[in-house]
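J.: Quick note, the sequence shown lines up with residues 21 to 250 if you use the numbering used here.
All C-beta atoms, glycine included, are put in the ideal place defined by N, C-alpha and C.
First the structure, which I've put down as structure tokens, then a few questions once you've had a look.
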Amino acid sequence: MFGSAFSYIALRILGEGPEDGEDRAMARGRKWILDHAGLVVMPSWGMFWVSVLGAYEWSGCNPLPPEFWLIPNIFPLNTGKMLCYCRLVYMPMSYLYGKRFVGPITELVQSLRRELYEEPYHLLNWNKARYIVAKSLGCQTWNLVFAVQAILSCNLIDEYGPTLRKAHDFLKASQIRENPSGEFKAIQRHINKGSWPLSMQDHGWLVSDCTGEGQKIMPLNSIKIPVYKA
């Protein structure tokens with residue numbers, strides 16, 4: 021939703037009409053957005069920027085209070101102590117949130133309000149929309165490989181034998197078995213057959229360090245857990 025909605029909005033700003041594009045690409049894109057519940061299911065960053073545009077309401081965003089910048093340095097919660105990537109993103113976002121900044125409500129913005137929601141804009145429940153989020157992705161594979169290594173390094177194989185067998189099965193099931201479909205290289209995707217993702221196979225995205233740890237663990241399990249000796 022994040023990429024599709026932003027692409028649609030960007031094209032509208034650049035002058036494309038709601039029905040324009042090859043084979044009515046804009047209309048088909050809008051249909052996909054509406055078929056998936058519209059802008060109310062955008063992730064938090066999407067909600068933020070569409071609020072700045074004026075096609076979403078600030079009351080539908082989770083708070084980004086600028087007051088956190090007033091917390092003294094002696095407190096751990098001081099925002100100046102955040103990791104730089106978080107700090108430098110939070111600073112401008114909290115400023116705009118504090119101002120509840122909204123750009124000019126032009127005819128285009130009003131049209132986007134009509135185009136990208138299933139319900140009339142003025143009837144939307146923004147407090148409810150704030151908490152419509154995707155299910156968490158998790159980092160199951162990443163956590164599992166280190167837990168298994170810890171058990172094996174402590175020689176607790178007998179105590180945790182059933183757990184290790186389940187871990188082996190999960191890791192085997194989580195390995196990505198096929199490359200992306202179609203001409204994946206043309207859309208900047210990479211070969212990922214045989215790799216491991218951060219979470220599970222459905223994630224489908226190669227992560228190099230998860231793959232390295234997975235390759236390390238699979239043969240260790242086969243050697244140390246009796247049921248998997250071949």
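According to DSSP, is Glu233 helix, strand or coil?
T.: Translated into the one-based positions of the sequence shown, residue 233 becomes position 213. DSSP places Glu233 in helix when its eight states are reduced to three.
J.: Helix, strand or coil for Phe204, going by three-state DSSP, please let me know.
T.: Counting from 1 along the sequence shown, the entry for residue 204 is found at position 184. Correct three-state label for Phe204: helix.
J.: How big is the Cα-Cα spacing for Ser79 and Leu59?
T.: Your numbering for residue 79 matches position 59 in the sequence shown. Your numbering for residue 59 matches position 39 in the sequence shown. Taking C-alpha positions only, Ser79 is separated from Leu59 by approximately 14 Å.
J.: From this set, Phe22, Ile33 and Leu34, which residue's C-alpha is nearest Leu54's C-alpha?
T.: As a first step, residue 54 must be located in the sequence shown, where it is residue number 34. Closest by alpha carbon: Phe22.
J.: State the CB to CB distance for the pair Pro85 and Ser64, rounded to an integer number of angstroms; the pair is presumed to be in contact (CB under 8 Å).
T.: Translated into positions along the sequence shown, residue 85 becomes position 65. Translated into positions along the sequence shown, residue 64 becomes position 44. Not confirmed; about 14 Å, so no contact.
J.: Which class does Pro86 belong to by DSSP, given the choice of helix, strand or coil?
T.: Locating residue 86 in the sequence shown gives position 66, where the first residue counts as 1. Of the three classes helix, strand and coil, the one that applies to Pro86 here is helix, per DSSP.
J.: Looking only at its own chain, which residues have a Cβ that is under 6 Å from the Cβ of Tyr28, when we skip the five neighbours before and after it?
T.: For the purposes of this step, residue 28 is taken as the residue at position 8 of the sequence shown. The residues are Gly49.
J.: How is Arg33 classed by DSSP in three states: helix, strand or coil?
T.: On the sequence shown, position 13 is the one that residue 33 refers to. Residue 33 is actually Ile in this sequence, not Arg. Note: Ile33 maps to helix in three-state DSSP.
J.: Let me confirm a value: Lys249 is counted as buried when at least 16 other C-beta atoms fall within 10 Å, else exposed. Which label applies?
T.: As a first step, residue 249 must be located in the sequence shown, where it is residue number 229. Because the pLDDT of Lys249 is 47, which lies under 50, any placement of that residue in the model is unreliable, and the question is left without a value.
J.: Once DSSP output is grouped into helix, strand and coil, what is the label at Gly126?
T.: To locate residue 126, count along the sequence shown from 1; it is residue 106. The question names Gly, but residue 126 in the sequence shown is Thr. It is coil, neither helix nor strand.
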